[in-house]
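Asker:
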Amino acid sequence: MTAKRLQNITESATLRISNLANELKSQGKDIISFSLGEPDFTTPSHIIDAAKASLERGETHYTPSPGIPELRKAIAEKLKKENKIETKPGNIIVTPGAKQAIFEVILSVLREGDEAILFDPAWVSYDPCIQLAGARTVWAPTSQNNGFSPGNISEYITKKTKLIVINSPCNPTGSVYSKETLKEIADISIDKNIFVLSDEIYEKIIYDSEHISIASLDGMQDLTITVNGFSKAYAMTGWRLGYVSAP
432 MTAKRLQNIT ESATLRISNL ANELKSQGKD IISFSLGEPD FTTPSHIIDA AKASLERGET
492 HYTPSPGIPE LRKAIAEKLK KENKIETKPG NIIVTPGAKQ AIFEVILSVL REGDEAILFD
552 PAWVSYDPCI QLAGARTVWA PTSQNNGFSP GNISEYITKK TKLIVINSPC NPTGSVYSKE
612 TLKEIADISI DKNIFVLSDE IYEKIIYDSE HISIASLDGM QDLTITVNGF SKAYAMTGWR
672 LGYVSAP
């Protein structure tokens, strides 16, 4: 008998469609898969060479739980330079993929009975993570008419709201939140003292817009937990390497 918390958890829709696409491909069918969010190139050679060199140096043993110190320092410097997030290595935790980071953040922030706001449509894995934490997802709909940008979310805020989850650039809509939109979310977060989980894994897959980290806005450094990683930008999805920057 499994735990009660698993009763409403189903197979990832992303993986289900991906497996179906692979099965059809193995049958010789011409399939274009829109399942996994993954670049169509392999990991750049200089990254592979660096990994090989590390293995050959015998760097195969346990590391500190939050991650290799040099890596955490480099991530903090990256966030300061590229994202304008004032952080330091002590605020960085390296995780086995951004998905694991998201799960750990949600478990750390939400208690049973709490509420988290998701903008609909959203990536399929946020909601199960919230459910596993014993919390409830409150869906705030978006519309193609305004580029799937969040509208007035104050009507979805209750005394139980403890977290707002944002994903910009967004999977699956492709929406990139403007500074004005982020400022509206930030104002509510500050006014109600609500944490924001900002999933920024797609920050480099962007065309005619500008990626802005909500943690860089005034007053948001202590209320934003930023999740990112190397999977999408560097085609390292199978490497399982993500990170969290938290207050």
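If you count by our numbering, then the sequence shown holds residues 432 to 678, one letter each, in order.
In this text, a Cβ means the ideal position worked out from N, Cα and C, and glycines have one as well.
Computed from a prediction, not measured in an experiment: that's the story for all the values here.
Pick out the complete alpha helix (DSSP H) segments inside the segment 489–577, 4 residues or longer, and give them in chain order.
Answerer: Qualifying alpha helix (DSSP H) stretches, in chain order: 500–514, 529–540 and 557–563.
Asker: With distances taken Cα to Cα, identify the nearest neighbour of Tyr638 among Gly605, Val675, His492 and His477.
Answerer: Taking only the C-alpha atoms, the option nearest Tyr638 is Gly605.
Asker: Short check: CB of Ile523 to CB of Tyr633, under 7 angstroms?
Answerer: No, these two residues do not count as a Cβ contact at 7 angstroms.
Asker: From Trp554 to Ser449, what does the alpha carbon distance come to, in whole angstroms?
Answerer: Trp554 and Ser449: Cα-Cα distance of roughly 15 angstroms.
Asker: Going along the chain, which residues of its own chain have a beta-carbon closer than 6 angstroms to the beta-carbon of Ser620, five neighbours each way excluded?
Answerer: Counting only Cβ-Cβ distances below 6 angstroms, and skipping sequence neighbours, we find Val627 and Leu654.
Asker: Taking C-alpha atoms, which residue in Asn577, Pro572, Tyr608 and Ala505 lies nearest to Ile584?
Answerer: Considering only alpha carbons, the answer is Pro572.
Asker: On the three-state DSSP scale, how would you describe Tyr674?
Answerer: If DSSP states are grouped into helix, strand and coil, Tyr674 belongs with the strands.
Asker: Could you compute how far the alpha carbon of Lys511 sits from the alpha carbon of Lys460?
Answerer: Approximately 47 angstroms, taken between the alpha carbons.
Asker: Which stretch, first to last residue, makes up the beta strand (DSSP E) that contains Thr668?
Answerer: Segment: none, Thr668 is in no beta strand (DSSP E) and carries neither H nor E.
Asker: Who are the Cβ neighbours of Leu451 in its own chain at under 6 angstroms, not counting the five residues just before and after it?
Answerer: Counting only Cβ-Cβ distances below 6 angstroms, and skipping sequence neighbours, we find nothing.
Asker: Which parts of the segment 583–665 are runs of the beta strand (DSSP E), unbroken and 3 residues or longer, counting only runs that do not cross its ends?
Answerer: Whole beta strand (DSSP E) segments, 3+ residues: 592–598, 626–630 and 655–660.
Asker: Pull up the distance between the alpha-carbon of Arg681 and that of Ala482, whole angstroms please.
Answerer: Nothing can be reported for residue 681, as the shown portion of the chain is limited to 432 through 678.
Asker: Leaving out five residues before and five after Glu469 in sequence, what residues of the same chain have Cβ atoms less than 7 angstroms from its Cβ?
Answerer: Cβ within range, chain order: Thr668.
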